[in-house]
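Numbering (this note's numbering), first residue to last: 318 to 598.
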Ligand SMILES: [Zn+2]
Ligand SMILES: [Zn+2]
């Protein structure tokens, strides 16, 4: 894997054909020194934006990308650091560019995302306040298909040249004992080569089961620097095998990362994921 910083500060949403992961942010939900952990997957002419948090539209603007250029978007769960920018993408598409982006979403999560979050901000029809708009007025819905024979509930979708598998994760609440009893959230397998957990609590089965199936080239894993709450901690994921840690980059981390960088290396992880940097697979 090649790791390359963004040159001249301006990002193109296409490349010569190699799978690239580009994190517009690597920070935790409340990070002030980084943008939130939102990811652009770019391969050939295709791109998918994974999550758009409250800081997301500004983070894109800062690298020369407008939300109106985003053609495909996938949301991993409904925390504001993952959906807070969605209102801007919806309203810009409907009222400025008159273009609907593709929203890659399962049927179950579509209702959660629209009915419990987005509808309150964008649902009122500009012509008739009683005629509430639907998610279809803002997005082309692209439906991943259920995949059987996976260790947990998993859906698959091909977006141009990019293959995505969405598997359920164990994120919230902190009392849930498995992904089954957790509120809807997902991680991703990208082109059968990369695991991106998005937000998850420590869930060794997720890593072990999917690593066994795919033998990933790289893993990008949620990490917070203290134990407790709804994220995997550095001390917890340190219990994973050395072979797995060697290819694991940590994301969604706190603003005190300089103090923990040496420990991350000493534990045998590949390192902290860097913001606005290409990870070319
Ligand atoms: Zn988050
Ligand atoms: Zn979250």
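Each residue gets a CB set at the ideal place from its N, CA and C atoms; glycine is no exception.
Between which two residues does the alpha helix (DSSP H) holding residue i run?
{"i": "residue 399", "result": "397-400"}
{"i": "residue 364", "result": "Per DSSP, residue 364 belongs to no alpha helix (DSSP H); it is in the beta strand (DSSP E), 363-367."}
{"i": "residue 436", "result": "436-439"}
{"i": "residue 554", "result": "551-554"}
{"i": "residue 374", "result": "373-379"}
{"i": "residue 426", "result": "424-430"}
{"i": "residue 517", "result": "Segment: none, residue 517 is in no alpha helix (DSSP H) and carries neither H nor E."}
{"i": "residue 408", "result": "403-409"}
{"i": "residue 577", "result": "574-583"}
{"i": "residue 335", "result": "Careful: residue 335 lies outside any alpha helix (DSSP H) and carries neither H nor E."}
{"i": "residue 343", "result": "Segment: none, residue 343 is in no alpha helix (DSSP H) and carries neither H nor E."}
{"i": "residue 547", "result": "First-last for residue 547: undefined, no H or E at that position."}
{"i": "residue 561", "result": "559-563"}
Determine the extent of the beta strand (DSSP E) in which residue i is found, giving its start and end residues.
{"i": "residue 535", "result": "535-539"}
{"i": "residue 418", "result": "Where residue 418 is concerned, there is no enclosing beta strand (DSSP E), given that its DSSP letter is neither H nor E."}
{"i": "residue 386", "result": "Element bounds for residue 386: n/a, residue is neither H nor E."}
{"i": "residue 490", "result": "Note, residue 490: premise wrong, no beta strand (DSSP E); not H, not E."}
{"i": "residue 599", "result": "It is not possible to answer for residue 599, since the shown part of the chain is limited to 318 through 598."}
{"i": "residue 482", "result": "479-485"}
{"i": "residue 360", "result": "356-360"}
{"i": "residue 413", "result": "Neither: residue 413 is in no beta strand (DSSP E) and is coded neither H nor E."}
{"i": "residue 506", "result": "503-507"}
{"i": "residue 473", "result": "471-476"}
Enumerate in chain order the residues of its own chain whose CB-to-CB distance from residue i is below 6 Å, with the five nearest sequence positions on each side excluded.
{"i": "residue 468", "result": "526"}
{"i": "residue 348", "result": "572"}
{"i": "residue 376", "result": "341, 342 and 352"}
{"i": "residue 360", "result": "336, 478 and 479"}
{"i": "residue 319", "result": "597"}
{"i": "residue 555", "result": "584"}
Once the 5 residues before and after residue i are set aside, which same chain residues still bring their CB inside 7 Å of it?
{"i": "residue 546", "result": "491"}
{"i": "residue 442", "result": "448, 449 and 450"}
{"i": "residue 363", "result": "476, 477, 478 and 479"}
Alpha carbons only, please: which of the options is nearest the one belonging to residue i?
{"i": "residue 493", "options": "435, 532 and 520", "result": "520"}
{"i": "residue 365", "options": "352, 350, 353 and 336", "result": "336"}
{"i": "residue 472", "options": "575, 405, 448 and 425", "result": "425"}
{"i": "residue 452", "options": "463, 464, 439 and 444", "result": "439"}
{"i": "residue 408", "options": "449, 422 and 456", "result": "456"}
{"i": "residue 369", "options": "388, 361, 362 and 363", "result": "388"}
{"i": "residue 417", "options": "484, 535 and 459", "result": "459"}
{"i": "residue 435", "options": "394, 320 and 464", "result": "394"}
{"i": "residue 454", "options": "465, 475, 431 and 501", "result": "431"}
{"i": "residue 504", "options": "513, 362, 497 and 567", "result": "513"}
{"i": "residue 475", "options": "565, 320, 495 and 509", "result": "509"}
{"i": "residue 596", "options": "331, 358 and 580", "result": "358"}
{"i": "residue 385", "options": "488, 319, 447 and 415", "result": "415"}
{"i": "residue 585", "options": "568, 558, 356 and 338", "result": "558"}
{"i": "residue 481", "options": "433, 465 and 421", "result": "421"}
{"i": "residue 544", "options": "464, 318, 598 and 570", "result": "570"}
{"i": "residue 502", "options": "567, 396, 534 and 588", "result": "396"}
{"i": "residue 529", "options": "516, 506, 517 and 555", "result": "506"}
{"i": "residue 489", "options": "380, 500 and 495", "result": "500"}
{"i": "residue 483", "options": "392, 560 and 518", "result": "392"}
Given a threshold of 16 other Cβ atoms within 10 Å of its Cβ, counted over all protein chains shown, does residue i qualify as buried or as exposed?
{"i": "residue 449", "result": "exposed"}
{"i": "residue 462", "result": "exposed"}
{"i": "residue 333", "result": "exposed"}
{"i": "residue 444", "result": "exposed"}
{"i": "residue 367", "result": "buried"}
{"i": "residue 447", "result": "exposed"}
{"i": "residue 383", "result": "exposed"}
{"i": "residue 355", "result": "buried"}
{"i": "residue 433", "result": "exposed"}
{"i": "residue 578", "result": "exposed"}
{"i": "residue 575", "result": "exposed"}
{"i": "residue 522", "result": "exposed"}
{"i": "residue 413", "result": "exposed"}
{"i": "residue 622", "result": "Here the chain comprises residues numbered 318 to 598, so residue 622 is not present and cannot be evaluated."}
{"i": "residue 485", "result": "buried"}
If I measure Cβ to Cβ from residue i and keep anything under 8 Å in the same chain, skipping five residues before and after, which residues do I get?
{"i": "residue 269", "result": "In the structure as shown, the chain begins at 318 and stops at 598. Residue 269 is therefore absent and cannot be evaluated."}
{"i": "residue 531", "result": "506, 509, 510 and 512"}
Taking three-plus beta-carbon pairs below 8 Å as touching, is the region 323-332 in contact with the region 544-556?
-> no
What residues does ligand 4 have around it, judged by CB closer than 6 Å to any heavy atom, in chain order?
-> By its list of ligands, the structure shown excludes ligand 4, since it contains just ligand 1 and ligand 2.
Given 8 Å as the limit, is there contact between the region 410-430 and the region 532-545, that is, 3 or more CB pairs closer than that?
-> no
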